[in-house]
Structure formats: structure tokens, C-alpha cells
Amino acid sequence: MRSNLFDASNQEKQTNDRWTLQSSKMLRCALHPQAPEIISAAGAMVAYQGQMDFSYQGSGGGMKLLKKMVSGEGANMMRTRGHGEVFYARQAHEIFLIQLEGDALTLNTKNLLAFDSTIQWDIRALGGGGMMAGGLFNLFLQGQGMVAVTSDGPPMLLDCSRQPTYVDPQAAVCWSANLQPQIKNDFKMGSLIGRGSGESFQLAFHGPGFVVVQPSEGIPVVAAS
């Protein structure tokens, strides 16, 4: 049997690294009983080898549980442990690895792929957002470990320290945790910019830090006829 499907570029990458990009759109994570578990977006696992145990990632109780009930964020995460390899992907989106070294990152939950269970996480509401502004809640990650994020197309990194930066909420992938974006909603009636929350809402960033923007606002919402 012959086919370019069997080219070496398509074969599993054999490596001792815990986190490896099998391609720009697929992530390979190696697990063993002494390694930290992996928390991932539910449905992100596309294959695994070896013995794995998949379980629902609980909220941790208290205020985190309450915020999950209100926002819906973080409600669809899974915890994986075992011995072998797990492969993650999400709608053929580009995957990027971020190594946290005691610092922090704010992430749009729909762009989450996976992260080490050694990383602390919380659900936070954007200032001026909340449920009336489309439920603008995001995932705050801090600590030591690896984070895998996705981007629907090649991302763009914007420096927010030079001038105010405005981003559609659906296009924002992640940003510096020290930035506190505000909701901007001062467009005139009928002047709808972007498809994000309510179409007229934008995230306003300003200060030392960055925001990563994807060239997509997500899957269009089709109105019922």
C-alpha cells in the first residue's frame, strides 16, 4: 500500500517531552502516574494510547462553583490522568503553547485547549460586563506549568501600552493578566462593529501588556426563522 498519507510528517512524533505539537493543529501530551494531570476543554481529546482515566473537572466549590453556575464558563472541562499519550485538537484551529513560570494569563475560555493541573485557575468577570453584556467571563490562570491555547487562524499580538486597543470579545484569545479590559459600548444606534457580544460591545485594553487576537469571531449565529 502506498500513499503520502503514510509520510513521516504524518506519523506520531516520538519524543520524551511532556507537551509536543504533533502539528500546528494537534497536540500530543505524555502522561505517567507521577506526572501532573491535565485539565482540558471537554471534547478536545481526539485520540489516546495507553491507559487513561477521564473525569469531569469539578469547580472546587464555594465562589468558583457559584461563578460557574452564573457564567457557564469552566463548566465543560475534563481532567485526565494515566499512562500513555493523549492527543488534543479543536476544530482544526492553530495551537500555541505558553509556559507559565509563576506568572498569570487571562484566557477566553473558548480558546482553551488544555493546561497542567499544577496551574491555579479561577473564573473572572470583565469590568462592566456581566450577564447583561453577554456574559463576559474569562479564565484566569496562574502558577507553574504549560497552557495550550487555540486560535482560529494565524493570531496577531497587539501591544496595549502604546495606545488604547479595542477588540471584539469573540476575537480575543488571551491577554496579560495585569490588564483590566473594560466594556466599550458607545457606538451609535445602527453602527454595529463586529459580531461579538451584542455586536456593539468591544473590549478596551490600555496599559503595559499584550492581547492576542484571532482573525475570526467564531461560528456565525443563525437566527431562527
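In my numbering, the protein residues as written are 7 to 231. Note that the Cβ used here is the ideal one computed from N, Cα and C, for glycine as well. All values reported here derive from a predicted model rather than from experimental measurement.
- The shortest C-alpha to C-alpha distance from Asn-22 to any of Glu-91, Ala-53, Ser-46 is the one to Glu-91.
- Collapsing the DSSP output to three states places Phe-93 in a strand.
- Beyond the five residues adjoining it in sequence on each side, Asn-114 comes within less than 7 Å, by CB distance, of Asn-144, Ala-178, Val-179, Cys-180 in the same chain, given in chain order.
- Residue pairing by DSSP puts Phe-102 in a beta bridge opposite Val-155.
- Excluding its 5 nearest sequence neighbours in each direction, Asp-165 has C-beta neighbours in its own chain below 7 Å: Phe-216, listed in chain order.
- By the CB criterion at 7 Å, Val-153 and Phe-102 fall outside the cutoff.
- Check the Cα spacing between Leu-142 and each of Ala-210, Gly-151, Gln-169: the tightest is with Ala-210.
- DSSP links Met-58 through a beta bridge to Gly-88.
- Leaving aside the five residues that flank Ser-182 on each side, the residues in its chain whose CB is nearer than 7 Å to its CB run, in chain order, Gly-215, Phe-216.
- Here Asp-158 is buried, its C-beta having at least 16 other C-beta atoms within 10 Å.
- The alpha carbon of Leu-37 has as its nearest neighbour, out of Gln-126, Arg-87, Lys-190, Thr-112, the alpha carbon of Arg-87.
- The alpha-carbon separation between Asn-191 and Thr-112 amounts to approximately 22 Å.
- Counting only residues of its own chain and dropping the five nearest sequence neighbours on each side, Asn-117 has a CB closer than 6 Å to the CB of Val-155, Thr-156, Val-179.
- Excluding the 5 residues flanking it on each side, Ala-131 has same chain C-beta neighbours closer than 6 Å at Phe-143, in chain order.
- Shown here, Ala-36 sits in a strand according to DSSP, grouped into three states.
- The closest CA to that of Gln-40, considering only Ile-104, Ser-123, Tyr-94, is found on Ser-123.
- Straight-line measurement puts the Cα of Pro-42 at about 20 Å from the Cα of Gln-28.
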